[in-house]
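Data block below; observations after.
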Amino acid sequence: MPTFMYEAMDSQGNTVKDTIEAASEKEANDKIRAMNYYPTKVQSQGGGAASMATPQAVARKRGGLSLSFRVKPKELSEFTRQFATLLDAGLPVVRSLDILQNNLRPGMLKDVVGEVKEDVEGGSALSEALTKHPKAFDKLYVNMVKAGEAAGILDQILSRLADYLEKAQRLKQKIVGALTYPIAVITIAAGILSLIMIFIIPKFEAMFNDMGLDLPIMTKMLLGMANVVVNFWYLLLLVPFILYGVFVGVRRTPQGRYYLDMISLKFPIFGLIISKSSVSRFCRTLGTLIQSGVPILNALAIIKNATGNAVVATAIENVHNSIREGDTIAEPLRHSGVFDDLVVNMIQVGEETGELDKMLIKVADNYDNEVDTLVGSLMSLLEPILIIGMGGTVGFIVIALFMPMIKLMEGMSGG
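Under my numbering, the letters of the sequence shown match residues 596 to 1010, in that order.
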């Protein structure tokens, strides 16, 4: 009988790793659940059936080079919404997957859905089939589907999951949209200034040298900057790539990522947007998981890395450890320093009334509205800052170039 390696969580939220003998992956999952464990990873050990292969092996076998990339969030949310609608209409899972695969555009998701359909036809549970494609379906997605299968409400769970994905995507689009305008303006302005430095300023410098003028400090500074741009333009082009490489290198280390995320939370307005969007993502994800029947300790373990911020993730880990020791969720959140009193008090009320999931969703909705307001404020603030910055730069160039001319004219009139 094949042997399966598994990772699971017990009722206290501790991770359990062991092996178990079973005829199939489905039977292995059933045996693990019978031991009051919540399976998070089940994998065939050695020469198991083809359906038990690791995600990497499946990708290689089926030519899944596209599996090195993730599915677009919008595409995944649309797929989830359509899947929920088909199941709600009474269609079986395999038939629903077949319809969805035929309607999808060629690409990674279409290939993945085809493979999932084959696995389900072969006897695997939907959640087990999804687990083999972590680049398309993350732990949050898989665990919500598991909860839906266990409770017999898969269509409702997928509908909630689609709501979550759509709201998360809208929030991301708003933040990206707010940053697009200033980045575009700064890029265009930098290009124009570079052209001025390379082609215009050197002509003025040659003219000033011919006249033998004693140049003011501002003019010398401008000419010096122009010389740097003309002589070392290739190095200046490398600077953004070097900075990006350093940023990525530092962010790959746990300590570096933590400090970078902490610094990002300190920025005016930007920090508030990052903080509130991270807390919103945490509350919405936790509320959706609890609503779907996932135990709170398992839910916290799943979403620890779903917030997108290492500082918030560390706070969630501390909350997880405190709850495992018998504490409530509100108190460790209060002492984390990340969640403000409004969030903590509303969660506390949710715990006391037994409606924690609904309260978490309300907190998320409230924070999404605050992020909308902050994004609008950011746009209103950035426009005058950019105008003043560009005006100041152009003014500096004009004054620096005309000061020697004015000095020359004053000398001529005095003579």
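C-beta atoms are modelled at their ideal positions from N, C-alpha and C, and glycine is treated no differently.
- Assignment of F842 by DSSP, reduced to helix, strand and coil, places it in the helix class.
- Under DSSP, T598 shares a beta bridge with E616, Q640.
- When C-alpha distances from T968 are compared across N893, L981, F678, L867, the shortest belongs to L867.
- With the rule of 3 Cβ pairs closer than 8 Å, the region 745-761 counts as touching the region 885-897.
- Taking each of A785, P890, D758, G1006 in turn and checking the Cα distance to I956, the smallest one comes out for D758.
- Looking only at L928, K669, S917, A959, the smallest Cα-Cα distance to V906 is reached by L928.
- At least 8 Å separates the beta-carbon of L790 from that of I864.
- Look at P701 here: in three-state DSSP terms it is coil, with no helix or strand label.
- Under the 10 Å beta carbon count, F827 is surrounded by fewer than 16 other beta carbons and is classified as exposed.
- With contacts defined by Cβ atoms closer than 8 Å, P811 and P999 form a contacting pair.
- In the three-state reduction of the DSSP assignment, V889 falls in the coil class, being assigned neither a helical nor a strand state.
- N624 places its beta carbon less than 8 Å from that of A720.
- DSSP, reduced to helix, strand and coil, places G987 within a helical segment of the structure shown.
- Judged by DSSP in its simplified three-state form, G718 adopts coil rather than helix or strand.
- Each residue's CA atom was taken as its position, placing K953 and V989 some 54 Å apart.
- Counting along the chain, I748 sits inside no alpha helix (DSSP H), nor does DSSP assign it H or E at all.
- Here the C-alpha atom of I770 lies approximately 13 Å from the C-alpha atom of S875.
- L855 places its beta carbon 8 Å or farther from that of I869.
- For L760, the closest C-alpha among the options I897, L671, M600, P701 is that of L671.
- If you draw a 10 Å sphere on the C-beta of V944, you find fewer than 16 other C-beta atoms in it, and that means exposed.
- In the three-state DSSP reduction, L928 falls in the helix class (H, G or I).
- A direct Cα-Cα distance of roughly 53 Å separates P979 from T610.
- Just measuring C-alpha positions, the residue of T909, A603, M600, K1002 sitting nearest F803 is K1002.
- Rounded to whole angstroms, the gap between the alpha carbons of L756 and N893 is 17 Å.
- Its chain contains D750, L753, S754, A757 as the residues whose beta carbon lies nearer than 7 Å to that of A679, once the 5 sequence neighbours on both sides are disregarded; these appear in chain order.
- Per DSSP, K899 lies in no alpha helix (DSSP H) segment and is marked neither H nor E.
- Boundaries for P863: no alpha helix (DSSP H) harbours it, and the DSSP string shows neither H nor E there.
- Nearest in C-alpha terms to M820, of all of K734, E800, Y839, is E800.
- Contact annotation, K899 with Y962: C-beta distance approximately 19 Å; criterion of less than 8 Å not satisfied.
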